[in-house]
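Residue numbers (UniProt numbering): 1 to 236. Worksheet for the structure shown next.
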């Protein structure tokens, strides 16, 4: 009957069709998780290597019974796979950073490699349910052993391991020049030292300010600034 009347049948509303299809489409179907970083991959391999070492230990060890002494044994065990030449005291190239000829001194793990390895294993231990207070990789004995390895390899290889010194920042305060009692062309500045020594007792102190300027002009500006700060008004 509707066709006979000449009126077209009502068309369905398709304005919401694209959004409906989009909402029903599964998301992330073809996306894959991001691959682990190089650090995470290396940490996982190191952790699996240590667990395998505990299983092959005689007698076998469990992670709960592992101590700092066992960690040091593991580090010494890894020396057989090292690639760093460490000269013994009787070698003619002892303390020589660039020996001119090969020698029969043993190859060991470099101190830097062992230090980085302990850092990764220490993090992996806690990530796998270990408590920080019982972490064998953070034991005092392990820190002492690493320090001894660093010092001995520095002497044997002639390559000192020095910590990078942090640059001390200098705070500079510009002094405002006064209107009287001196030249207005010279502007002074007070440089406050950031501290003396590593104990931090004098960090940020300005007990010994240094005047930086161009001669008498800076001295006059500092004097005028001090005078302008201590003005007393007297009523007659």
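Every residue gets a Cβ at the ideal spot worked out from N, C-alpha and C, and that includes glycine.
(message) Checking the sheet assignment: what are the DSSP bridge partners for residue 107?
(response) 85
(message) Among 113, 140, 39, whose alpha-carbon lies nearest the alpha-carbon of residue 69?
(response) 140
(message) Check whether the stretch 42 to 52 and the stretch 118 to 133 touch, using three or more Cβ-Cβ pairs below 8 Å as the test.
(response) yes
(message) Measuring only the C-alpha atoms, how far is residue 103 from residue 88?
(response) 10 Å
(request) Within its chain, find whatever has a CB closer than 8 Å to the CB of residue 145; leave out the 5 residues flanking it on each side and keep chain order. (result) 72, 75
(message) Would residue 51 and residue 66 qualify as a contact pair, given that the criterion is a beta-carbon distance under 8 Å?
(response) no
(request) Taking residue 149 and residue 111 to be in contact with their CB atoms under 8 Å, please state how far apart those CB atoms are, rounded to whole angstroms. (result) 5 Å
(request) State yes or no: is the C-beta of residue 90 within less than 8 Å of the C-beta of residue 108? (result) no
(message) Does the beta-carbon of residue 93, which I'm using as the reference point, lie nearer than 7 Å to any heavy atom of the ligand NAP?
(response) No copy of the ligand NAP appears in this structure; indeed no ligand is present at all.
(message) On the DSSP letters alone, give me the boundaries of the alpha helix (DSSP H) that residue 74 sits inside.
(response) 68 to 77
(request) Given a cut-off of 8 Å, decide if residue 159 and residue 137 are closer than it, judged by their beta-carbon atoms. (result) no
(message) Quick check on the DSSP output: the alpha helix (DSSP H) that includes residue 45 runs from which residue to which?
(response) 38 to 56
(message) Tell me which residue opens and which closes the alpha helix (DSSP H) that residue 152 is part of.
(response) 140 to 157
(message) Give me the residue from 120, 129, 151, 156 with the minimum Cα distance to residue 97.
(response) 156
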